[in-house]
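**Q**
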Amino acid sequence: MPQRLRTSARALGPAGSRWLDDLPGVLASLATDWSVAYGRPLEGGNAAFVIEAVTAGRRPVIVKVALPPGVDGFSPFEQELEALRLAGGDPYAALIRHDAPRRSMLLERLGPSLASLGWPRVRRLTTVVSTLARGWAPMPAARLPTGAEKAGWLAEFIAREWADLGRPCSPAAAQTAIGYAGERAAAFDPERAVLIHGDGHAGNILLKPGPDGGTSFRLIDPEGLISEPAHDLGVALRDDNEELLAGDTASAAVERCRSVALLTGVDGAAIWQWAFIERVSTGLFLLRLGHRQDAGPYLAVAGRLSELRYLAS
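Read in numbering that gives the first Met the number 0, the sequence shown has 270 at position 271, and its numbers run on one by one without any break.
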């Protein structure tokens, strides 16, 4: 059992303990019902147990069993499932089967994550952006939460967690994030909204080898939202904070935002706002889970950028 997942289960209290106790039985029943044989568990997940498997027809697959609900910040299982169903595959991982009562999915098995390939940051970010963009498609807003709803939730989450966690970043950083969330909620336009991943970092983008030796990438673990493309791009820009802290944080952050805006044609100010919101909320979320060392750089960068307003040129 990956330690990060144990930490998440502990955050659920008795429900998490029961889930851990019941997991072997759930896996055994899925193996029977789906005719799969298990391999090795995979590391890295916060919200689900993920294990390699192979079907009776020798197809390599992944079995994913989600935690029960109860941790603020984890995308609901039903929301992720609906996003995968709406996407219908490329550029998302193919959903083969699912079982809602057991909160489980059978997915195609892919290769290593983009984060593990050792690529330079610019090449990695360009790949993240291009893969996310391939998934942007108009969808009925009623099928998934909207970007406006997510922005409202984030504003409330940031205000509550900032206070409850002892004000771990500057008041300016928290208030700026809350203010930006209000602006993004007000800017939501259902006529221009698309399906977005919502958590499109390099660890959620996996290599897919092609039959002719070529390769492409697929998205896994979507949050699943109907929002503006800038929302996805802001998530993509919230990471790599250690590098930002090591130099001129403001100049480097602005340059990253401008390059992504130029690459996609998406409004840079909207990308900047989503990136700031996501940086603060992610830092607070990691703190809530007990990952203090991981949370620090997110909040430190937000503090340095809190007085800066993005300009297109």
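Glycine residues also receive a C-beta, built at the ideal position from the N, C-alpha and C atoms. Quick caveat: nothing in here was measured; it's all calculated off a predicted structure.
Is it the case that the segment 224-234 contacts the segment 258-271, given that we only count it when at least three CB pairs across the two stretches are under 8 Å?
**A** In short, these stretches touch, since the Cβ pair count reaches three.
**Q** Cβ of Ala92 within 8 Å of Cβ of Ile219?
**A** Residue mapping note: residue 92 aligns to position 93 of the sequence shown, counting from 1. Residue mapping note: residue 219 aligns to position 220 of the sequence shown, counting from 1. Closer than 8 Å, so yes.
**Q** By how many angstroms is the C-alpha of Gly69 removed from the C-alpha of Ser7?
**A** Residue mapping note: residue 7 aligns to position 8 of the sequence shown, counting from 1. Residue mapping note: residue 69 aligns to position 70 of the sequence shown, counting from 1. Each residue's Cα considered, the two are about 10 Å apart.
**Q** Quick check: what's the CA-CA separation for Asp52 versus Gly267?
**A** Residue 52 sits at position 53 when you count from the first residue of the sequence shown. Residue 267 sits at position 268 when you count from the first residue of the sequence shown. Here residue 52 turns out to be Ala, not Asp, going by the sequence shown. Near 42 Å, if we compare the C-alpha coordinates of Gly267 and Ala52.
**Q** Who are the near neighbours of Ala10 in its chain, counting only those whose CB is closer than 7 Å to its CB and skipping five residues on each side?
**A** Counting from 1 along the sequence shown, the entry for residue 10 is found at position 11. Result list for Ala10: Val70, Leu288, in chain order.
**Q** Are the beta-carbon atoms of Ala86 and Gly134 separated by less than 8 Å?
**A** Within the sequence shown, numbered from 1, the residue matching residue 86 stands at position 87. Within the sequence shown, numbered from 1, the residue matching residue 134 stands at position 135. Taking 8 Å as the Cβ cut-off, Ala86 and Gly134 qualify as a contacting pair.
**Q** Run the CB neighbour count on Asp239, radius 10 Å, all protein chains shown included, and call it buried at 16 or more, exposed below.
**A** Against the sequence shown, residue 239 aligns to sequence position 240. When all chains shown are included, Asp239 counts as buried.
**Q** Report the partner residues of Ile195 according to the DSSP bridge assignment.
**A** Position 196 of the sequence shown, counting from 1, holds the residue named residue 195. Beta-bridge pairing links Ile195 to Leu224.
**Q** Taking Leu66 as the reference, which of His97, Trp33, Ala301, Arg102 has the closest Cα?
**A** Residue mapping note: residue 66 aligns to position 67 of the sequence shown, counting from 1. Checked all of His97, Trp33, Ala301, Arg102; the closest Cα to Leu66 is Arg102.
**Q** Determine the extent of the beta strand (DSSP E) in which Ile95 is found, giving its start and end residues.
**A** On the sequence shown, position 96 is the one that residue 95 refers to. Counting along the chain, the beta strand (DSSP E) containing Ile95 begins and ends at 94-98.
**Q** Going by CA-CA distance only, name the one from Thr54, Leu116, Phe216, His290 that's closest to Val128.
**A** Along the sequence shown, one-based indexing puts residue 128 at 129. Cα-wise, what sits closest to Val128 is Phe216.
**Q** Using a Cβ-Cβ cutoff of less than 8 Å, which residues in the same chain neighbour Ala14 once the five nearest sequence positions on both sides are dropped?
**A** Translated into the one-based positions of the sequence shown, residue 14 becomes position 15. Correct list, in chain order: Pro67, Gly69.
**Q** Put Arg217 into one of helix, strand or coil per three-state DSSP.
**A** Numbered from 1 along the sequence shown, position 218 holds the residue referred to as residue 217. Strand.
**Q** What separation, rounded to the nearest whole angstrom, lies between the Cα atoms of His97 and Met104?
**A** Residue 97 sits at position 98 when you count from the first residue of the sequence shown. Residue 104 sits at position 105 when you count from the first residue of the sequence shown. Rounded to whole angstroms, His97 to Met104 spans 4 Å at the Cα level.
**Q** Give a yes or no on whether the C-beta atoms belonging to Arg123 and Pro59 are separated by under 8 Å.
**A** For the purposes of this step, residue 123 is identified with residue 124 of the sequence shown, where counting begins at 1. For the purposes of this step, residue 59 is identified with residue 60 of the sequence shown, where counting begins at 1. Not in contact: Arg123 and Pro59 (Cβ atoms no closer than 8 Å).
**Q** Given a cut-off of 8 Å, decide if Leu106 and Ile61 are closer than it, judged by their beta-carbon atoms.
**A** Locating residue 61 in the sequence shown gives position 62, counting from the first residue. Locating residue 106 in the sequence shown gives position 107, counting from the first residue. Cβ atoms of Ile61 and Leu106: closer than 8 Å.
**Q** Per DSSP, what are the beta-bridge partners of Tyr91 in this structure?
**A** Translated into positions along the sequence shown, residue 91 becomes position 92. DSSP lists Leu218 as partners of Tyr91.
**Q** As an exercise, report each continuous beta strand (DSSP E) stretch of at least 3 residues that is fully enclosed by the segment 106-143, in chain order.
**A** Runs of the beta strand (DSSP E) inside the segment 106-143: none found.
**Q** So Ala65 is in the beta strand (DSSP E); what residue range does that whole segment cover?
**A** Counted from its first residue, the sequence shown places residue 65 at position 66. 59-65 is the span of the beta strand (DSSP E), which, as asked, contains Ala65.
**Q** Is the beta carbon of Leu22 closer than 8 Å to that of Gln78?
**A** Residue mapping note: residue 78 aligns to position 79 of the sequence shown, counting from 1. Residue mapping note: residue 22 aligns to position 23 of the sequence shown, counting from 1. Not closer than 8 Å, so no.
**Q** Within a Cβ cutoff of 7 Å, which residues of the same chain sit near Ala249, ignoring the five residues on either side of it in sequence?
**A** Residue mapping note: residue 249 aligns to position 250 of the sequence shown, counting from 1. For Ala249, where only same-chain residues beyond five positions count, the Cβ hits under 7 Å are Arg303, Leu304, Leu307.
**Q** Specify, as a first and last residue, the run of the beta strand (DSSP E) that Thr54 falls within.
**A** Sequence index remark: in the sequence shown, residue 54 carries index 55 (1-based). Note, Thr54: beta strand (DSSP E), 47-54.
**Q** In chain order, what are the residue ranges of uninterrupted alpha helix (DSSP H) at least 4 long that sit wholly in the segment 147-193?
**A** Those alpha helix (DSSP H) runs which fall completely within the segment 147-193 and span 4+ residues are 170-186.
**Q** For a test of the three-state rule: what should DSSP assign to Ser103, helix, strand or coil?
**A** Mapped onto the sequence shown, residue 103 falls at position 104. Looking at Ser103 - three-state DSSP - the assignment turns out to be strand.
**Q** Cutting at 7 Å between CB atoms, please list the residues of its own chain near Ala184, excluding the five before and the five after it.
**A** Counted from its first residue, the sequence shown places residue 184 at position 185. The answer, listed in chain order, is Ala147, Ala150, Gly151.
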